[in-house]
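**Student:** Residue numbers (our numbering), protein chains in the order written: chain A, 1 to 140; chain B, 141 to 507. Idealized CB from N, CA, C, for every residue including glycine.
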Amino acid sequence: MEIQGYNMPEELYYEENHFWVKEEGDFLVMGMDDFAQTMAGEIVYIQLPDDGKKLKLGKKFAKIESGKWLGKVYAPVNGEIASVNEELETNPGLVNDDCYGTGWIYKIKPNDKSEIENLIRGKEAIEKWLAADIEKYAEE
Amino acid sequence: MGKKYDFEEKYREQILQCSRCGFCQAVCPVYGATLRPALNAKGKMLLLKEVMDGKIDLNDELIETLFQCTTCANCFQNCPSGVPVMEIIKQVRKDMVSVGSCHPAFKGMNEVLKNHTNIYGENEPEDFERERNKKAEYVYFIGCVGSYREDESTMATLNLLDRLQVDYTLIDEVCCSGVLEDVGYEINDALAAKNIDRILHTGAKTVITGCPYCYRTFNNKAQYDQLLKEGIQVTHITQFLQDFDFGITTDKLVTYHDPCDLGRHCGIYEEPRNTIRKIATNFIELPANRENALCCGAGGGVRGAYAKNSIAMARRRLDQVEEVGADIVLTECNSCVHNLANARLRKQKFRIYNTTQFINELMEEAE
Numbered sequence: 001m002e003i004q005g006y007n008m009p010e011e012l013y014y015e016e017n018h019f020w021v022k023e024e025g026d027f028l029v030m031g032m033d034d035f036a037q038t039m040a041g042e043i044v045y046i047q048l049p050d051d052g053k054k055l056k057l058g059k060k061f062a063k064i065e066s067g068k069w070l071g072k073v074y075a076p077v078n079g080e081i082a083s084v085n086e087e088l089e090t091n092p093g094l095v096n097d098d099c100y101g102t103g104w105i106y107k108i109k110p111n112d113k114s115e116i117e118n119l120i121r122g123k124e125a126i127e128k129w130l131a132a133d134i135e136k137y138a139e140e
Numbered sequence: 141m142g143k144k145y146d147f148e149e150k151y152r153e154q155i156l157q158c159s160r161c162g163f164c165q166a167v168c169p170v171y172g173a174t175l176r177p178a179l180n181a182k183g184k185m186l187l188l189k190e191v192m193d194g195k196i197d198l199n200d201e202l203i204e205t206l207f208q209c210t211t212c213a214n215c216f217q218n219c220p221s222g223v224p225v226m227e228i229i230k231q232v233r234k235d236m237v238s239v240g241s242c243h244p245a246f247k248g249m250n251e252v253l254k255n256h257t258n259i260y261g262e263n264e265p266e267d268f269e270r271e272r273n274k275k276a277e278y279v280y281f282i283g284c285v286g287s288y289r290e291d292e293s294t295m296a297t298l299n300l301l302d303r304l305q306v307d308y309t310l311i312d313e314v315c316c317s318g319v320l321e322d323v324g325y326e327i328n329d330a331l332a333a334k335n336i337d338r339i340l341h342t343g344a345k346t347v348i349t350g351c352p353y354c355y356r357t358f359n360n361k362a363q364y365d366q367l368l369k370e371g372i373q374v375t376h377i378t379q380f381l382q383d384f385d386f387g388i389t390t391d392k393l394v395t396y397h398d399p400c401d402l403g404r405h406c407g408i409y410e411e412p413r414n415t416i417r418k419i420a421t422n423f424i425e426l427p428a429n430r431e432n433a434l435c436c437g438a439g440g441g442v443r444g445a446y447a448k449n450s451i452a453m454a455r456r457r458l459d460q461v462e463e464v465g466a467d468i469v470l471t472e473c474n475s476c477v478h479n480l481a482n483a484r485l486r487k488q489k490f491r492i493y494n495t496t497q498f499i500n501e502l503m504e505e506a507e
């Protein structure tokens, strides 16, 4: 689905700081959404924690940096890092090129997968949330 | 007849002194990462000769070459002809700006510092859970990178000062703005005046900073002369810490990366090593160290303007860490920590710290 020029797939879950989450078997896959990667510009660094790093819902666990911006990544659920996209170590620009595909970032093993139901989901909710953020960032 | 550009007026003879021997190429971090001869000092001097000969003009086409220099001074260190490359580059960048050809990142930085307190244009500084602007014996001046990019390291540094019972205060600091002089502009007088006022307000007689660039700016730039006149000493934290006894040691294999701004630019090589030897029973030098240290690639605005190449430069430095097999890399500069940590690959298991952060961690573990 396209919202004001941003590609926001309707079937994904979204964490409020503009990271998408989707189910993949027992795991969750996470990446940056189109709005975030567009606003950030060329991504130059993505912190990729070691496998097994514990994640606590809502707590910062990594940093992402573009030339002009430093973003913090917050855990969308409780769990741990199962693996990361190691391609991003040498080619972080994949996030800009294909944020929902080859630019995925983290694979998470959740303690309780149902926690993703607390994330932003569904056409109406996504539209409302994104429209508010577009307005917010336009003011800054 | 006057010269067309100030760099020619000031540095014509020095530019012509370049004998094109290429010693600079062997140590240039930008060349090392890109393998483009135009980007090392010899290439830049050749280009400037063409400008002086009237064959080409300073214009946008030269931005990538002339703005891609970390001003690490390793070329100058190794130049048999003594060409003061960093001074020439800084002047050329000013000439570029005056003809309207500047890298957009640096133009942006100059604009940002007209309206913000820091080079990142951030509005919400970390408070570091400490009262600011109080009366104290020392001011601890963090710097932009320590405040907005390496806040965990800064927090550890402040915790260490607390453990050592140092009577210090933070201030509502603003960017020292020294970096503007490196990228074609001038130090922002308003920012300098704010820092001076806020330092004087605390009654402190010494400013300690963890940022080698702020240290250089406060000590060497006319805009901060008032500090000296008021009897304020500005010291880098590595100088401050060398007389302390920390009561802890590690047997991990530790190495040290000399920041260019602290080493080649200020001649501070022994103080960090004095401290590290006290805490690390196994210390090993990197293959290129002290005045020959390989730049991490963060300086001269290169991290902001050419981030990919900057990280590639840091990876070359980390290759040297792998070579010596160190467990711990210590340095004394938040920009170096930031760039080296960003460049570290997951398979590289060594850890990168400011010395203060590492000492604090050891002391915390010992408690």
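Rounded C-beta distance between B:VAL486 and A:LEU48? I'm assuming under 8 Å.
**Tutor:** Note that residue 486 of chain B is Arg in the sequence shown, not Val. Yes, B:ARG486 and A:LEU48 are in contact; Cβ-Cβ is about 6 Å, under 8 Å.
**Student:** Applying a beta-carbon distance threshold of less than 8 Å, which residues of chain A neighbour B:ILE451?
**Tutor:** VAL44 and TYR45
**Student:** Starting from B:LYS448, find everything on chain A with Cβ-Cβ shorter than 9 Å and list it in chain order.
**Tutor:** GLU42, VAL44, PRO92 and GLY93
**Student:** According to a CB-to-CB cut-off of less than 7 Å, which residues of the region 231-251 of chain B neighbour chain A?
**Tutor:** ALA245
**Student:** According to DSSP, which residues form a beta bridge with A:TYR74?
**Tutor:** Beta-bridge pairing links A:TYR74 to A:LYS60.
**Student:** Tell me B:VAL469's beta-bridge partners as DSSP assigns them.
**Tutor:** B:THR395 and B:ILE492
**Student:** Within a Cβ cutoff of 7 Å, which residues of the same chain sit near B:GLU463, ignoring the five residues on either side of it in sequence?
**Tutor:** PRO427
**Student:** Using C-beta distances below 6 Å, list every residue in its chain close to B:CYS209, excluding the 5 sequence neighbours before and after it, in chain order.
**Tutor:** ILE229 and GLY440
**Student:** So for B:ALA420, helix, strand or coil by DSSP?
**Tutor:** strand
**Student:** Across which residues does DSSP place B:ARG272 in a beta bridge pair?
**Tutor:** In DSSP, B:ARG272 forms a bridge with B:LEU310.
**Student:** Suppose contacts are defined by Cβ-Cβ distances below 8 Å. Is B:ASN474 in contact with B:GLY286 by that definition?
**Tutor:** yes
**Student:** Tell me the rounded alpha-carbon separation between B:ALA420 and B:ALA466.
**Tutor:** Distance between the alpha carbons of B:ALA420 and B:ALA466: 12 Å.
**Student:** Please classify B:ASN360 as buried or exposed, where buried requires at least 16 other C-beta atoms within 10 Å of its C-beta.
**Tutor:** exposed
**Student:** According to the neighbour-count rule (16 or more other Cβ atoms, all chains shown, within 10 Å of its Cβ), is A:LYS136 buried or exposed?
**Tutor:** exposed
**Student:** Can you find a CB in chain B that lies within less than 8 Å of the CB of A:GLY52?
**Tutor:** no
**Student:** Among B:TYR278, B:PHE207 and B:LEU253, which residue has its Cα nearest to the Cα of B:GLN231?
**Tutor:** B:PHE207
**Student:** What residues in the region 468-483 of chain B bring their beta carbon closer than 8 Å to a beta carbon of chain A?
**Tutor:** Those residues of the region 468-483 of chain B that come within reach of chain A (Cβ to Cβ, closer than 8 Å) are ASN482.
**Student:** Since B:VAL239 and B:LEU198 should fall inside the 8 Å C-beta cutoff, what is the C-beta to C-beta distance between them, to a whole number of angstroms?
**Tutor:** With a Cβ gap of about 5 Å, B:VAL239 and B:LEU198 count as contacting.
**Student:** Once the 5 residues before and after B:ALA585 are set aside, which same chain residues still bring their CB inside 6 Å of it?
**Tutor:** A query on residue 585 of chain B cannot be resolved here, the shown segment of chain B reaching from 141 to 507 and no further.
**Student:** Please tell me whether A:TYR45 and B:ASN299 are closer than 8 Å, where the distance is taken between their beta carbons.
**Tutor:** no
**Student:** Could you say which of B:TYR145, B:ASP329 and B:VAL167 lies nearest to B:ARG457 if we only look at CA atoms?
**Tutor:** B:VAL167
**Student:** Taking B:THR297 and B:THR496 to be in contact with their CB atoms under 8 Å, please state how far apart those CB atoms are, rounded to whole angstroms.
**Tutor:** 4 Å
**Student:** Check each residue of the region 279-297 of chain B: if its Cβ is closer than 8 Å to any Cβ of chain A, include it; give the result in chain order.
**Tutor:** TYR288 and ARG289
**Student:** Please compile the residues from chain B whose C-beta is within a distance smaller than 8 Å of the C-beta of A:GLY71.
**Tutor:** In chain order: nothing, as chain B lies at least about 12 Å away.
**Student:** So, for B:CYS284: in the same chain, excluding its five sequence neighbours on each side, which residues have a beta-carbon less than 7 Å away from its beta-carbon?
**Tutor:** ASN258, ILE259, TYR260 and CYS315
**Student:** DSSP on B:THR346, reduced to helix/strand/coil?
**Tutor:** strand
**Student:** Strictly by DSSP, which residues pair up with B:HIS376?
**Tutor:** B:THR349
**Student:** Looking at the structure shown, is A:TRP20 part of a helix, part of a strand, or coil, going by DSSP?
**Tutor:** strand
**Student:** With a threshold of 8 Å between beta-carbons, can A:GLU86 be considered close to chain B, or not?
**Tutor:** Residue contact check for A:GLU86 against chain B: a CB pair falls below 8 Å.
**Student:** Check this for me: beta carbons of B:PHE268 and B:THR294, under 8 Å apart or not?
**Tutor:** Remark: C-beta atoms of B:PHE268 and B:THR294 approach each other more closely than 8 Å.
**Student:** Taking A:LYS63 as the reference, which of A:GLU24, A:LEU28 and A:GLU89 has the closest Cα?
**Tutor:** A:GLU89
**Student:** What do you reckon, are the CB atoms on B:ALA433 and B:GLY407 nearer than 8 Å?
**Tutor:** Taking C-beta atoms as the reference points, B:ALA433 and B:GLY407 fail to come closer than 8 Å.
**Student:** Mapping the DSSP letters down to three states, classify B:CYS426 as helix, strand or coil.
**Tutor:** It is Leu, not Cys, that sits at residue 426 of chain B in the sequence shown. DSSP places B:LEU426 in coil when its eight states are reduced to three.
**Student:** So which residues of chain B does A:LEU48 contact, with C-beta pairs closer than 8 Å?
**Tutor:** ARG486
**Student:** Among A:GLU80, A:GLY93 and A:LYS123, which one has its Cα closest to the Cα of A:LYS113?
**Tutor:** A:GLU80
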